[in-house]
Ligand SMILES: NC(=O)c1ccc[n+]([C@@H]2O[C@H](COP(=O)([O-])OP(=O)(O)OC[C@H]3O[C@@H](n4cnc5c(N)ncnc54)[C@H](OP(=O)(O)O)[C@@H]3O)[C@@H](O)[C@H]2O)c1
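In this note's numbering, the protein residues as written are 22 to 313.
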């Protein structure tokens, strides 16, 4: 199979690059900015013609969309760009998938929910995004569903890795020197190691399970944590000198509102694909050890 990966320099994309090295399928990696690594093609998903050309010339069977406008705070002042990438760009991917009979694998977010529940969100729960980022991701989902293409949408949460800017890297840097760091304790969700989601997607493709059971699924690591819990675990596992101090969202004002609770129910993805999802603490520990 020929697999197109967009946004291949992001967290998820970088993990897929590593896995693809041991694949029998042919992966075509594309990226937007930066110095493309060897054999990476420039592709802006907002350019429908360029996308169409790549899908046709490379005879693409599966598109894995790792690209997104992900800056939750900036999106509040930059809704046109957030929507351009997360809705229009995603619409281009869905249209290309439909035209070339390819399967689209797309990643969405727990931020499509408002967080008023206090039990895990399942796929049937009504989305109600609190901000522009969540709204733009939700409209991307709707565009895919309306397109009539074969799709998988995996909503995930709180992704971290050793690549790019993410909460893990920020905490390692802030807690690397003695002193207090305030971290919110009243937003609860699940940290997800980008490598876990990449591995799941990679196996879906290589096992050919990618050809059936299309639809919308939730996939994050297992367990529940606040950002404070996550920061404490990072500090403990890395042996960092900084002290994590809990605070409330009201004390740590951010441009965009975030859900207070966004744990995802993974029953459907586990039942459908027989996947065994690791607990977030187990994955974090493995990741920290691999960094040493
Ligand atoms: N990170 C999280 O906590 C989180 C949580 C829930 C869901 N998700 C979703 O998971 C997916 C992967 O996230 P991630 O953390 O791996 O993302 P990421 O590290 O922010 O990478 C996103 C990539 O998309 C690229 N990109 C942006 N606009 C583009 C465009 N118009 N055309 C092509 N590429 C474009 C970026 O390019 P540049 O390198 O040039 O900027 C970047 O490489 C996204 O759909 C995201 O919404 C992420």
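Cβ atoms here follow ideal geometry from the backbone N, Cα and C, with glycine treated the same way.
If you compare the alpha carbons of 237, 192 and 267 with that of residue 258, the shortest gap goes to 192. For residue 111, the enclosing alpha helix (DSSP H) stretches over residues 111-120.
Of the candidates 251, 147, 198 and 32, 251 places its Cα closest to the Cα of residue 267. For the pair residue 113 and residue 72, the Cα-to-Cα distance works out to about 8 angstroms. CA-CA distance, residue 187 to residue 32, rounds to 9 angstroms. DSSP, read as helix, strand or coil, puts residue 220 in helix.
Taking 9 angstroms as the cut-off, the Cβ atoms of residue 36 and residue 184 count as close.
Taking 9 angstroms as the cut-off, the Cβ atoms of residue 131 and residue 299 do not count as close. Secondary structure in the stretch 208-288: the beta strand (DSSP E) runs of 3 residues or longer, each lying completely within the stretch, are 236-239 and 264-268 in chain order. Boundaries for residue 177: no alpha helix (DSSP H) harbours it, while the beta strand (DSSP E) harbouring it runs 171-177, taken from the DSSP string. Of the other Cβ atoms in all chains shown, fewer than 16 fall within 10 Å of the Cβ of residue 201; this residue is therefore exposed. Apart from the 5 residues on each side of it in sequence, residue 82 sits with its Cβ closer than 6 angstroms to the Cβ of 22, 23 and 123 in its chain, given in chain order. A heavy atom of ligand 1 is found nearer than 8 angstroms to the CB of residue 52. Contact holds between the stretch 227-241 and the stretch 166-179, because three or more Cβ pairs, one in each stretch, are under 8 angstroms apart. With a cutoff of 8 angstroms, residue 248 does not count as near ligand 1, since its C-beta is closer than that to no heavy atom of the ligand.
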